[in-house]
Every structure is written in structure tokens, then in C-alpha cells.
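Now the structure itself:
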């Protein structure tokens, strides 16, 4: 075709250049691996034995502070079972209304009793008209929803049209079905908008459950979020009322559920086939005091208590 195709013969063609090249020999003894590599293979790596780190191409591998990190990790279940039991905790919600779909999430990631982060982005921007939420295992949700983004793009290239929201959610449900029993941990909502049916909302989980609905909340804080949503939700909400409802439901859940917190992020999926990020980080602590003061309360839980008199 008159094009230079010599690059196809390159042995590294198609290999992602963002993968780390840290050799296994540096981590082999700790992981119980048997590897054979020369010192020249990792002469460009930075090794910090004091911190237990290996840095290469910007990646950092942290090991447990022990002579044998793998044995330390295996023994952690007996030494501290509650710490080793990495339970999931989050609050995500989405609901349909006359103006589209509101998606609201918190930003806390937990590992059992540990708060790992308060800045996690639990709304995955699949493409310009599709959004997905994360609940369960962060790695599972991120990987498979980004895989869904690839499948949606392939569909567009093959069929010269955008994939429907129903078809996109079915692809994700089929993936979950093929991995049932393999330990996937996913409770996600797929929200999107197309020109044929407008904004739509689907729930998909690791058991391959796929449900079309108007209102969902997923995560450990969902019972508290449902309490706010069931009380105030109605179809003919204005955009401002819907956004406020999403924020209030997440803020209420974060106040009552220790595994939820951080900030509130809000997205609006419109009926015209697009979505918009409304709020990127609303601090839940500030929201709690604001909502309590609006009800004439102090917010510290001590309203109505009689002071002890000496």
C-alpha cells in the first residue's frame, strides 16, 4: 500500500512500554521463585534494601518489613486475622430521573480495618457516553471496565455506530459469567446515554446479575444511602434537586458507615448522549456540618442532652 511496514518485524512491536522491567531475581527470594538472570539484567534498577523497595521505570515494589516477606504475609492471618481479612467497603449510587441519570460516589478505599485511601476515583469514564462505578475489588472493577471500554471501541470500528447501553452492560455481564467461581469481586453500575433511548442505568455484579432499573446503591453504606433516596426520590426532580439528593445520600452514608468517606464525586448523564462531571471533590466532613446546621442541629450528636450539674 505504499507504507513502510518494517516496524512489524520489530520483536518489541505491540508490547506496552509502560510495564516495569524489574527482573524477578530481585523479588525471587522473597516470593520463593527460582530464576536465573545475570547482574547486567538489573543494573539500571534502584535497590533500597533498608526500605525493601525495587524501583525501575518509575515503578516501586514495596515488600513487607521482614527477612522473608512471603512468610510474613502468610502468617499474618494467624497473627492478626482481622487485619488480614480485607473486607470491602464503599458507597456508590445512581438513579434515573427526567433529566437523565445522576451518579454519585464516595472516595474511600479500605483494607479491613485500614483506610487505604480517601482519594479513590470510583467512577470510571468508559468513553464519552458511558460511565461505570466501582464497588468490591478495585482491581477487578478497574480492569474489566477498561476492558469494556476496549470492546465498545472495537464495536464502533466494526459497525460504524456506537454500542447501545444495554449491549455494553451485557458484555460486562457475560465477562462476569465466564469468571463465576474464580473469585471476582464486582458490584458495578453502568450508566450511559444514546440518541435512541436516552439515559439508562444497569446494575451488573460478579455473579453475572444484570438488572435494568431506576435506582441502585451498591456497597457497605448502601442501606443508609437508600434511606435518603427512598424518602426524597421522585421522577420529576430538577437537575439541581437531583444533584443535591445524590450528594446528601452519599454524605449521610459516609457519616454512618466507617468504610465510606473522603469526598463526594457527582456525574450527570444527560439524555442527549453525553455526560458531565458536576462535582469532583466535596468534602464529606463539611457536608455533614452543613446538612445538620440546615436542620437546626449542632451535628455532634449531643442535641437534647442535659448537662450534668455538680
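Residue numbers (this note's numbering): 113 to 422.
For glycine and all other residues, C-beta sits at the position ideal for the given N, C-alpha and C.
Asked, Found
"Based on DSSP bridge pairs, tell me the residues matched to residue 209.", "212"
"Quick check on the DSSP output: the alpha helix (DSSP H) that includes residue 279 runs from which residue to which?", "277 to 290"
"Quick check on the burial criterion: 16 or more other C-beta atoms within 10 angstroms. Buried or exposed for residue 298?", "buried"
"Counting beta carbon pairs with one atom in the region 388 to 408 and one in the region 352 to 372, are three or more of them shorter than 8 Å?", "yes"
"From what residue to what residue does the alpha helix (DSSP H) around residue 360 run?", "351 to 368"
"Measure from the alpha carbon of residue 228 to the alpha carbon of each residue in 249, 239, 208, then state which is nearest.", "249"
"Specify, as a first and last residue, the run of the alpha helix (DSSP H) that residue 244 falls within.", "Looking at the DSSP string, residue 244 is not in any alpha helix (DSSP H); the run it does join, the beta strand (DSSP E), is 242 to 245."
"Rounded to the nearest angstrom, how far is the Cβ of residue 222 from that of residue 234, given a contact under 8 Å?", "Not quite, the Cβ-Cβ distance comes to about 12 Å (not below 8 Å), so this is no contact."
"Where does the unbroken alpha helix (DSSP H) through residue 229 begin, and where does it stop?", "Segment 226 to 229 is the beta strand (DSSP E) holding residue 229; no alpha helix (DSSP H) there."
"Can you tell me whether residue 393 is helix, strand or coil according to DSSP?", "strand"
"Which same chain residues end up closer than 7 Å to residue 264 when comparing Cβ atoms and leaving out the 5 residues on each side of it in sequence?", "238, 239, 242, 275, 280"
"Which word fits residue 380, buried or exposed, when buried means at least 16 other C-beta atoms lie within 10 angstroms of its C-beta?", "buried"
"So if DSSP puts residue 236 in a beta bridge, which residue, or which two residues, is it bridged to?", "244"
"For residue 217, which of 394, 412, 350, 288 has the nearest alpha-carbon?", "394"
"Can the beta-carbon of residue 349 be found less than 8 Å from the beta-carbon of residue 357?", "yes"
"For residue 208, is the classification buried or exposed, using 16 other Cβ atoms within 10 angstroms of its Cβ as the cut-off for buried?", "buried"
"Could you check if residue 257 is buried or exposed, using at least 16 other CB atoms within 10 Å of its CB as the buried criterion?", "buried"
"The alpha helix (DSSP H) that contains residue 343, what's its start and end?", "334 to 344"
"Please list the terminal residues of the continuous beta strand (DSSP E) segment that includes residue 312.", "310 to 317"
"From 272, 267, 284, pick the residue whose C-alpha is nearest to that of residue 255; which is it?", "284"
"In the DSSP assignment, find the unbroken beta strand (DSSP E) run with residue 306 in it and report its ends.", "299 to 306"
"Spatial neighbours of residue 332 within its chain, please: C-beta separation below 6 Å, excluding the five flanking residues on both sides.", "201, 369, 371"
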